[in-house]
Each structure stands twice: as structure tokens, then as C-alpha cells.
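Below: the structure, in C-alpha cells.
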Amino acid sequence: MTATQRLFLGGVVITFATMALAYLGASSSWQFYLTVDELAADAASFRESRVRISGKVARDSLQIAPDRSQASFVLQGETAKLNVQYTGLIPDNLAEGIEVVVEGRLEDTGLVRGNKVLTRCASKYSSNG
Amino acid sequence: MLGFGELCLLGAFIASGFAAFATLAGCDDKHRALEKSALISSAASLVLLTLVMLILAIALLTKNYQFDYVAYYCSQHLPWYYGLSALWVGQAGSLLLWAWFLGILAMIFRFASSRKSDTLRQRAFGLLMANTCFLIATMVFAADPMARSVGTPTEGAGLSPLLQHPAMLIHPPIIFLGYAAWAIPFALATAALINKRFDTTWIQQARPWALFAWAVLGAGILLGAEWAYEELGWGGYWGWDPVENGSLIPWLLGTAFIHTMMTWRRRGIMKKTTVALAIATFAMCNFATFLTRSGIFSSLHAFSQSPIGWLFLALMLVLALAGGILIYQRRKELAPENQITSAMSREAMVAMTTVALLLLATVTCLGTLSVALSDALVGTKITVGPPFYNNVLAPTGLLILTATALAPLLRWGSTPSAPEKRMLKISATVGVLTMMGIVVGGATHYLLIAVTGIVAFAVAVLLCSLWLDAKRRPCDNYWASLVRCLREKRNQYAGFFVHLGFFALAIGIVGSSLGTQRHEVSLMQGQTIEWAGRSIQLVDIVDRQLPDKLVAGAVLEVSRIGDVPVKLTPEQHLHLLQNEWTTEVAIQSDWSGDLYMILHGGTEDGGVRLTLVDNPRMRWLWLGGLTMLLGATVSLWPNKKAARQNYNQPAEFSEQPQGLKAA
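Here the protein sequences come in this chain order: D and Z. All the letters of the first sequence, read from the start, carry residue numbers 1 to 129 under the numbering used here. All the letters of the second sequence, read from the start, carry residue numbers 130 to 792 under the numbering used here.
Quick look at the structure:
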């Protein structure tokens, strides 16, 4: 076997090994990315799976625990609504009426148990900029 | 002012378009006359672009809200330097800056060499002007920096508080300078393909630009990480966010390109890869712009929707397609002149590293596109998390580290000599002993053990190689020989210096990501806790009012056991204009690690709530980055003698000075 062949074989092995590892990493971390409405429309099939939901924090629904370690709010879509119980670091600008992305697990009861909330970073490249 | 600016922009568009056309047409002998008018119009487009830049800059400084752009990003209490930085915060402004940089670089490229203009250089210049024209077109048709405000606003919307950070003053322009500079190696590679001239002339011209672009883009990424670390306040510096990934992908490809250029020059192999990488790197710079501006991603930063992104995607696809076709047509001319004869040679290491870098870039790209791809393929939107990337980063990173570690004691085109082999064995022993040492010292994670071992091995290899090299150059004493060999092989050792930076970077990344720990705590005034080998005391709680914000802070004294205490003040700022809180973290940093403090707020009984993050070895990361930059700078420093030696000698002999064969 020449050096070129050996290197080629090595490259193929590395490529497949890496792709396999990437798959393992993905399968342990992937999330369904949905809007509130999409989730509500097909809630049964996303039960107990990791989800990442985008929506708006509904008015008069946000409650933040005094020690800011927990929060609960209603996530609103175009038509549907979803209750979110969130534990974790609360972003500075979490407020009612803003767009957020919640990561967590959809429970049987229809409650989303969130472990990460992302707020929209104030427009860096806004469409009218 | 507005109308004049608009005219200048249109003028620049037309001038750059004509310059591109005339330069490319002027390459043909029949149309030589066009060359001069092309040069004049490209100079005119640069002057006009500069005027547009000045007009916008003055509007930002004087807070002229007639400009829609100014009204959108400025406000009365914004300090002038952040006002000016708004020039590259918004879309239109950053495109303008990019086009302006490209115009300047194209001019420097055109006039840098004392040699008379040849077709290669001219074609490349034409392509650069075409790229400038494209960038100006995106402004003219989609994102006009000279747009007029609706009505006459008296106060602007203001700059997002998160972007009011020193790193943000320079991070975006540096990234755009990097993107602009990558256009030059691309233009040269494409010109070489069109010209069918495949000697190393184009590489000789592309090398300094590639190094420059690589260093600048790297510096930009590093500053972005620094900004995220200090400003976003979650304790980390890298989140595999589309924006970060977007700039990382061209940097990874560019790194591979710089190395395959060497294998082409030294051995006449990997030619197709080299050309493809030059084109791909530039294409991915445009892709990064697509990522941040198409609105198909919901990440922390990339939230916007605009037609600009799709223009850049189209350009990227055109580049990929045209590049692919050109390379296919020239496949015979691009055939390798040699074979890789030994797996223990530098070209073999470059080949391996290229595979690893390509894999990493592909995976990063796939991960970034996961939402769009899964939606298109299976109809469900799926996102992947950091484990996806990290799982790939670990093995590819180790592979690249190993190849990089071996390089100094390997040769181009042959196996190592006997003394080199001996040195490799000694270095390997050092590496293994180090691994055993840290296992005994209590390290358990395989990555930590492997990286420490490889880095020790790498340092040993470098020292051994220096020793062998110095021995081949007998002087009065060892130090004189050492200086002589460093001087004679400056570019090579500058490269190895960059590698040293890479090792420090690896230590920083592995140390901080494996060893990080968090602790949420409530402290009362005067209370002291012991955590992560430090004692932390809450000394005071302070409030201040500034013109544009309210500041609440906690003053803490932190000391490693037995050391002098350091004062840290994590704060919360309430920005009055935006009615938005931002977290200002406080960081205590030394060579063993960072203590990162986030203030959340007060408790009902008069104390404060804090999150403490321990990030071991963080400083190594910044040190590594700076070392890499320094190495690249040394390598770029003009050196006429070395340039002659490197390029005018047959490749086989340039490795060692004449008459000094291996010891």
C-alpha cells in the first residue's frame, strides 16, 4: 500500500468516524423547533420530546419568583397559547409582550417545562436598518 | 447632504461597474486602451465611496436624524465614539464599510508590487472591482445608507446597550476587513484558472494577502468571543450561534488554504484543493453574510429579515458553480506533479489537517443550517445543540493538534532523517511522561490528558527541531547559530510560533470547557464564602445615576487563599432610553483561571444574588489568540532576502540553505 492510499484510507476512516460522532451528538441534543401554533396543532406527537418554541410572552401572565430563579408565563402564538414553567437563569430583558424562544420539554399535561429562555437580542441588523 | 450622498453612491456603483468591465476586457490585447480608463474609474469609485463614508460618519457624529440610518442607531446621550461605531452596527453601514475596505485593498493590491502589471494581476483586479460593484449594488438596491427619515425625528432610537462595549467598536470592522481581504486570494486563484497559468506566481502573490486576511478574520472572531464573554453575561465565550459559525467557517477553510498553498509550492501537489479552498473561503465569507441577514435563522443575533441575505446566497452559489466548472475544465493542468511518498512527511500532515478542517467546517455548516435543512428534507424543523459540534471538535481537534505537533521534525517529500527520528522519539517520551504526570496528579478526562500530552510533545518537538537546525549552522556559539537559523528560516519559525499559539488556545478551550463550574449564591453585606479555591466577601452595595442609565453594583473582595484581595464590582445597568437592563459582569483573571461574577439583583433582606462561574485556563485562550496573531505578523513582515530565497530557488532546495545538507 502506498502512502497516498494509506492517507486516503485514513481520511475515509476519519470522515466516517467524525460523521458518526456528529450523529451521536445530534441525537442527544436535537430539539424540534416550532412556533406555539405548530406545537398546539400537533401536540400529541411532540409529547415528552425536547422542543424549542418561539412565541410572545402574553400580557399579564409573567410571574417571576422573588429570587429570580423561576418564572412562569403564557407563551402566545397567533391563535394558540401554552403554559410555561421555567427554571434557570432569567434573561435581563424578559418581559411581557416580547418575543422569546423557550427550550425545554413538553409534558403530558401540556405544560412546557423550560430550561432555557432566549430573548431577542435588540436588533443588530434590523430589516429597516 | 443626503442627496449628494445618494449621488456619490450611485456614481460609485457605475464607476466600479465600468472599472470591472473595462479591466477584464482590457486583459485582451485588442483592448489595451481600456486599461487606463478602468484604473481611473476604479479610483473614482473609491473616492466616491470615501465621500459616502464621510457623509454618513459626519451625520452620525452630528446626530443628523434626517438620515434614517442615524435616527435608527443614534440617540442624544450616546457618546460620540459609540455614535461613530453605529456606522458598522447596521446593515447598510456595514455593507458600506465592507465595500470601502475592498476598494482600498484592491487599490493597494494593484499598486503594491513594483512589477509591471501582468494579466494575472489585472484579471484579479477586475474581479475585485466586480466584487466591489456587487457590494455597492446591494446598497443601491436593497439597503441604502443614505435613506431619508420619515418625518423629522428629534431623537433617535439609540444603539442597543449590548453593543455599547469597547470590543464592539472594533470587532465588526475587523471582521469586514477580513472578509474583504479574502477576496484577493480568491481573485488571484480565479485569475490563474482563467489564464491557465499554474506556476506558483499566483501563490506568491496570494500568500501575504491570505495571511493578512486569516490574521484579521481570526482577530475579529477572537474579539467577538471576548465581547460575548464580557457583555452577554452567561459565563461563556462561544455558543455555536449562526453568527459565530458564519465567521468561523471561512476561517477554518482559510487555515487549510494557507497550508495547501505550501504543499503546492514545495511539492506541486494538492493543486485542485488549493484553488477550490481559495474560492470556497471567499464564498463562505458571503455565506456568513447570508446567515446573518436572511432571517432564516432565529438565533440571538440573527433575527432580521431582508433581501440582502439572498443576494449573498446567490453570489455564493454562482461562485461555487463557476469555480467548480473552471476547476473541472482545468483538471489536466491541475494534476499533481508528485505523489505523497511518505505518511511521515509534511505534505501528509497537511493533507490530514485539511481533511480535519474540512470536516469541522462541513459539520459547522450543517449544524448552522439544521433548521432549514431538516425543514426541507423531512418537513420538521430540528435544531442541534452544542454536543453536535463538540463531538466533532474533539477528534478533529486532536488530529489537527497531533499533525501540527509533528510538523517541525518532518520534511517535505521524504521521511525524517535519523537524527530527526531520534528527536521524535525523545519528544514522544516527554509527551507520554507528561500524560502520566497529570493522570497521577488527578486528571481524569481523556481530552484533558490527551491535549496536555500532545502539547508537551509539540513543545519538545519544536525545541528539538530548533536544536537540530542550529547545529546545522555552526557559529561561534550555540546562541549565534540559533539566531542565524531563526533569521534564515524566519517564515517557517513564524509559522511554528502561530502553532504555539494554537496549542495555548487548545489548552484554554479544553481547560475552560471541561473545568467550568457555576454556583448561585445569596450574600449579605459583610458575609464571606469560600468557593473554587477563593474567598469571596460582599463589602458594599452601591447605586449611581448617570445621564443615560441607572447603575446598581455589588462590591466584592476576592482572594485566592493567602493572596492579596482584589475588588470586583459586578453591576446591573438600567438604560433609560430603551428601558432595558443589562448585566455588567466582573471578572478576576489569572493564569490558573477566571472568576466570573454575574449580579442578578437584591434580595428582600438586603443582600444580593450572584452567580459565580469558575473558568479555568481562560487566559490561555486569549494568549493563544494573540500569539497566533503575532506569529502571522512576523510572517507578513517584509523580508526581501527570504522572499528571493523562497521563490527563486527550486522547491526541493529551499528547505535548507545551499551546501548545508542534513546533519
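Don't be surprised by glycine CBs; every beta carbon is placed ideally from N, CA and C. The model shown is predicted, which means the values in this text are computed figures rather than measured ones.
As assigned by DSSP and simplified to three states, the class of D:A17: In this structure, DSSP gives D:A17 a helical state, which the three-state scheme calls helix.
Anything in chain D within Cβ reach of Z:V500, meaning under 9 Å, just list it in chain order. Y33
List, in order along the chain, the chain D residues whose C-beta lies closer than 8 Å to that of Z:R738? D67, R68
From the DSSP output, read off the bridge partner residues of Z:M726. Z:M726 has Z:A715, Z:L741 as its beta-bridge partners, per DSSP.
Over what stretch of residues does the beta strand (DSSP E) that includes Z:T525 continue unbroken? Careful: Z:T525 lies outside any beta strand (DSSP E), inside the alpha helix (DSSP H) at 515 to 535.
With 8 Å set as the bound, which would you pick, yes or no: does the beta-carbon of Z:N374 sit closer than that to a beta-carbon of chain D? no
May I ask you to list, following chain order, the residues of the stretch 516 to 542 of chain Z that have a beta carbon less than 9 Å from some beta carbon of chain D? Residues P516, F517, Y518, N519, N520, V521, A523, P524, T525, L528.
Suppose the cutoff is 6 Å on Cβ atoms and the five residues either side in sequence are ignored; what does the same chain contact list for Z:G655 look like? In the same chain as Z:G655, and ignoring 5 residues on each side of it, no C-beta atom comes closer than 6 Å to its own.
Any C-beta of chain D under 8 Å from that of Z:W710: At least one chain D Cβ lies under 8 Å of Z:W710.
Taking all protein chains shown into account, decide if Z:G691 is buried (16 or more other Cβ within 10 angstroms of its Cβ) or exposed. exposed
Below-8 Å beta-carbon distance, D:R6 vs any chain Z residue: yes
Nearest-angstrom Cα separation, counted from Z:A443 out to Z:F142: 19 Å
Sorted by chain position, which residues of the same chain lie with C-beta nearer than 6 Å to Z:F196's C-beta, five sequence neighbours on each side aside? A188
List, in order along the chain, the chain Z residues whose C-beta lies closer than 8 Å to that of D:G104? Result: empty, since nearest Cβ-Cβ is about 13 Å, beyond 8 Å.
Contact set between Z:K510 and chain D, taken where Cβ atoms lie within less than 8 Å: F32, Y33, L34
Interface partners of Z:I469 on chain D, CB under 7 Å: By Cβ distance, chain D contributes A3, T4, L7.
CB-CB under 7 Å to Z:I299, same chain, minus the five flanking residues each way: which ones, in chain order? L352
Mind checking Z:W766: buried by the 16 CB within 10 Å criterion, or exposed? exposed
Kindly indicate the opening and closing residues of the beta strand (DSSP E) around D:N115. 112 to 119
Contact between the stretch 533 to 548 of chain Z and the stretch 622 to 632 of chain Z: three or more CB pairs below 8 Å? yes
Is it a yes or a no for the stretch 439 to 458 of chain Z touching the stretch 374 to 386 of chain Z, going by three-plus beta-carbon pairs under 8 Å? no
Candidates D:V57, D:D108, D:Q70, D:R6: closest to D:V36 by CA position: D:V57
Quick one: residues in its chain with C-beta nearer than 7 Å to the C-beta of Z:M747, no 5 flanking neighbours on either side, listed in chain order? Within the same chain, Z:M747 has close Cβ partners G637, S641, S718, G722, D723.
The alpha helix (DSSP H) enclosing Z:A385, as first and last residue numbers: 371 to 396
Alpha-carbon spacing of D:V84 relative to D:S45, whole angstroms: Note on geometry: alpha-carbon atoms of D:V84 and D:S45 lie some 18 Å from one another.
Could you check what DSSP says for Z:W751 in three-state terms: helix, strand or coil? Reduced to three states, the DSSP call for Z:W751 is helix.
Chain-ordered neighbours of Z:A481 on chain D, where CB pairs are closer than 9 Å: Here the sequence assigns Met to residue 481 of chain Z, which means Ala is not the residue at that position. The CB of Z:M481 comes closer than 9 Å to the CB of L7, G10, G11, I14 in chain D, given here in chain order.
Which residues in chain D have a C-beta closer than 9 Å to the C-beta of Z:G731? List them in chain order. The premise fails here: Z:G731 is roughly 10 Å from chain D at the closest Cβ pair, so nothing lies under 9 Å.
Cross-strand partners of D:Y23 (DSSP beta bridge): DSSP lists no partner for D:Y23.
Using the C-alpha atoms, what's the distance from Z:P465 back to Z:L429? Residue confidence is low: Z:L429 scores 41 on pLDDT, short of 50, so the model does not pin down where it sits. Its coordinate-derived value is still stated next. CA-to-CA, the gap between Z:L429 and Z:P465 works out to about 45 Å.
Rounded to whole angstroms, what is the Cα-Cα separation between Z:E360 and Z:G514? 22 Å
In terms of residues, what are the limits of the alpha helix (DSSP H) holding Z:S503? 499 to 507
Residue burial classification, D:E99 (beta-carbon count within 10 angstroms, cutoff 16): exposed
Assuming the contact rule is C-beta atoms closer than 8 Å, Z:T762 and Z:A344 should be a hit. Round their C-beta distance to whole Å, please. 7 Å
Comparing the C-beta of Z:L488 with each C-beta of chain D, is any distance below 8 Å? yes
Which residue comes first and which comes last in the beta strand (DSSP E) that contains Z:E649? 646 to 652
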